[in-house]
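Numbering (the numbering used here), first residue to last: 598 to 967. The structure appears right after this line, and notes come after that.
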């Protein structure tokens with residue numbers, strides 16, 4: 598498949614911080630994708646919370662399943678737009694590597710713990726993971742990903758750190774980075790509805806009152822007739838994804854045409870984002886997000902679990918500060934280099950929900966095995 602002239606081809610890759618020879622049959626972004634998939638941080642996403650604590654049941658999403666769904670949708674859209682599929686996929690697979698256990702509640706707690714010690718933000722930490730903390734290769738620290746994937750990780754942040762700003766000097770994000778970011782939001786909303794229905798946090802009657810959901814369900818019933826209860830959630834989510842994907846594709850093509858985008862330099866020079874939904878779908882999507890915030894993320898069951906997650910992280914953080922010798926020896930050895938609080942933050946952020954819960958029990962429950 599030939600790429601569009603405004604796509605970012607492999608031939609324009611700026612390379613890696615630590616130079617490596619070209620691979621015989623894999624492009625630079627394919628190698629990035631493979632390195633991410635084989636990393637420890639990627640595997641840990643399997644047991645990290647998306648919205649609900651990862652052990653609630655065996656079916657709802659974790660950070661890993663969400664990441665795979667974003668990568669799948671992103672690759673499909675990249676192909677439809679003649680963008681670089683490998684680059685889009687690598688960015689999508691990397692976008693949640695910096696999340697701590699217990700979802701956004703865990704990030705909020707770590708940010709408070711680190712408020713006077715350099716801060717904590719999951720996108721900034723994701724860069725730290727791929728540049729420093731993953732140690733799989735003898736020749737360099739981190740995964741030695743390409744500049745482009747790391748730049749996209751920096752652009753994903755709403756509040757980039759000083760260290761991340763080195764990636765933001767080239768202008769607006771290239772289209773593959775914009776696409777991965779847009780798909781993350783698209784997938785997040787649709788799949789949170791699915792999980793909330795599956796876990797009984799909301800009912801079909803609640804969903805029917807959301808304008809975007811009502812719209813896609815009406816179209817689904819026109820096509821299929823009566824939707825069986827067992828197919829309700831999957832039909833809804835598929836329709837939510839489809840309508841947003843189709844709108845994103847049409848609006849982005851129109852944006853590129855209206856802005857007269859012909860090259861990647863045009864993309865970089867454009868003062869804003871070119872990939873995004875149209876006004877109608879964006880407004881409907883905003884209504885869905887308001888519903889999720891009020892009825893799902895603030896549901897008593899969710900709040901109880903996030904409260905416990907925050908308490909676990911806070912107690913562990915404070916105890917490790919008080920008694921650093923409780924940290925594993927490997928982490929203790931990093932303190933002279935990174936400082937005590939950053940080492941503790943790295944250790945906690947790398948935990949899965951289950952590991953953090955076990956660590957808490959081992960430290961604070963007197964009869965739990967160590």
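Don't be surprised by glycine CBs; every beta carbon is placed ideally from N, CA and C. Predicted, not measured: the structure shown is a model, and the values here were computed from it.
Pull up the CB-CB distance for residue i and residue j, whole angstroms please, since I reckon it's below 8 Å.
{"i": "residue 718", "j": "residue 910", "result": "Residue 718 to residue 910, Cβ: 15 Å. No contact."}
{"i": "residue 923", "j": "residue 944", "result": "Not confirmed; about 11 Å, so no contact."}
{"i": "residue 604", "j": "residue 772", "result": "7 Å"}
{"i": "residue 685", "j": "residue 765", "result": "About 19 Å; that fails the 8 Å criterion."}
{"i": "residue 609", "j": "residue 679", "result": "About 15 Å; that fails the 8 Å criterion."}
{"i": "residue 940", "j": "residue 789", "result": "Rounded, the Cβ-Cβ distance is 33 Å, inconsistent with contact."}
{"i": "residue 667", "j": "residue 784", "result": "5 Å"}
Would you report the Cα separation of residue i and residue j, rounded to the nearest angstrom?
{"i": "residue 699", "j": "residue 691", "result": "18 Å"}
{"i": "residue 836", "j": "residue 819", "result": "12 Å"}
{"i": "residue 813", "j": "residue 833", "result": "7 Å"}
{"i": "residue 663", "j": "residue 786", "result": "11 Å"}
{"i": "residue 721", "j": "residue 753", "result": "9 Å"}
{"i": "residue 670", "j": "residue 919", "result": "45 Å"}
{"i": "residue 951", "j": "residue 903", "result": "14 Å"}
{"i": "residue 816", "j": "residue 626", "result": "38 Å"}
{"i": "residue 714", "j": "residue 611", "result": "33 Å"}
{"i": "residue 755", "j": "residue 963", "result": "42 Å"}
{"i": "residue 701", "j": "residue 615", "result": "33 Å"}
{"i": "residue 916", "j": "residue 689", "result": "35 Å"}
{"i": "residue 913", "j": "residue 726", "result": "21 Å"}
{"i": "residue 826", "j": "residue 947", "result": "39 Å"}
{"i": "residue 811", "j": "residue 797", "result": "19 Å"}
{"i": "residue 743", "j": "residue 774", "result": "13 Å"}
{"i": "residue 737", "j": "residue 635", "result": "16 Å"}
{"i": "residue 751", "j": "residue 762", "result": "8 Å"}
{"i": "residue 632", "j": "residue 640", "result": "12 Å"}
{"i": "residue 926", "j": "residue 932", "result": "10 Å"}
{"i": "residue 953", "j": "residue 855", "result": "50 Å"}
{"i": "residue 728", "j": "residue 618", "result": "19 Å"}
{"i": "residue 675", "j": "residue 682", "result": "5 Å"}
{"i": "residue 936", "j": "residue 629", "result": "30 Å"}
{"i": "residue 642", "j": "residue 704", "result": "14 Å"}
{"i": "residue 677", "j": "residue 849", "result": "11 Å"}
{"i": "residue 795", "j": "residue 949", "result": "23 Å"}
{"i": "residue 908", "j": "residue 697", "result": "14 Å"}
{"i": "residue 716", "j": "residue 929", "result": "20 Å"}
{"i": "residue 857", "j": "residue 828", "result": "43 Å"}
Count the other CB atoms, across all protein chains shown, that sit within 10 Å of the CB of residue i; report buried if there are 16 or more and exposed otherwise.
{"i": "residue 823", "result": "exposed"}
{"i": "residue 760", "result": "exposed"}
{"i": "residue 598", "result": "exposed"}
{"i": "residue 847", "result": "exposed"}
{"i": "residue 620", "result": "exposed"}
{"i": "residue 651", "result": "Low local confidence applies: a pLDDT of 48 at residue 651 is under 50, so the model's placement there is unreliable, with the coordinate-based value given in what follows. Its Cβ being crowded by 16 or more others within 10 Å, residue 651 is buried."}
{"i": "residue 859", "result": "exposed"}
{"i": "residue 841", "result": "buried"}
{"i": "residue 882", "result": "buried"}
{"i": "residue 778", "result": "buried"}
{"i": "residue 965", "result": "exposed"}
{"i": "residue 658", "result": "buried"}
{"i": "residue 757", "result": "buried"}
{"i": "residue 687", "result": "buried"}
{"i": "residue 862", "result": "exposed"}
{"i": "residue 853", "result": "buried"}
{"i": "residue 957", "result": "buried"}
{"i": "residue 851", "result": "exposed"}
Between the options, which has its C-alpha nearest residue i's C-alpha?
{"i": "residue 770", "options": "884, 631, 870 and 678", "result": "870"}
{"i": "residue 781", "options": "735, 874 and 730", "result": "874"}
{"i": "residue 723", "options": "672, 741, 888 and 695", "result": "695"}
{"i": "residue 748", "options": "624, 865 and 883", "result": "865"}
{"i": "residue 805", "options": "884, 863 and 613", "result": "884"}
{"i": "residue 960", "options": "793, 921 and 890", "result": "921"}
{"i": "residue 646", "options": "935, 941 and 905", "result": "905"}
{"i": "residue 607", "options": "624, 629, 741 and 768", "result": "624"}
{"i": "residue 888", "options": "728, 807, 631 and 942", "result": "807"}
{"i": "residue 731", "options": "936, 683 and 638", "result": "638"}
{"i": "residue 767", "options": "892, 930, 886 and 868", "result": "868"}
{"i": "residue 938", "options": "712, 622 and 703", "result": "712"}
{"i": "residue 898", "options": "955, 940, 793 and 845", "result": "793"}
{"i": "residue 891", "options": "672, 746 and 799", "result": "799"}
{"i": "residue 830", "options": "857, 851, 802 and 850", "result": "802"}
{"i": "residue 660", "options": "740, 693 and 845", "result": "693"}
{"i": "residue 745", "options": "934, 613, 900 and 930", "result": "613"}
{"i": "residue 877", "options": "733, 644, 929 and 809", "result": "809"}
{"i": "residue 942", "options": "740, 733, 665 and 708", "result": "708"}
Quick one: does residue i have its CB under 8 Å from some CB of chain D?
{"i": "residue 779", "result": "Considering every chain present, this structure includes no chain D. It has just one protein chain."}
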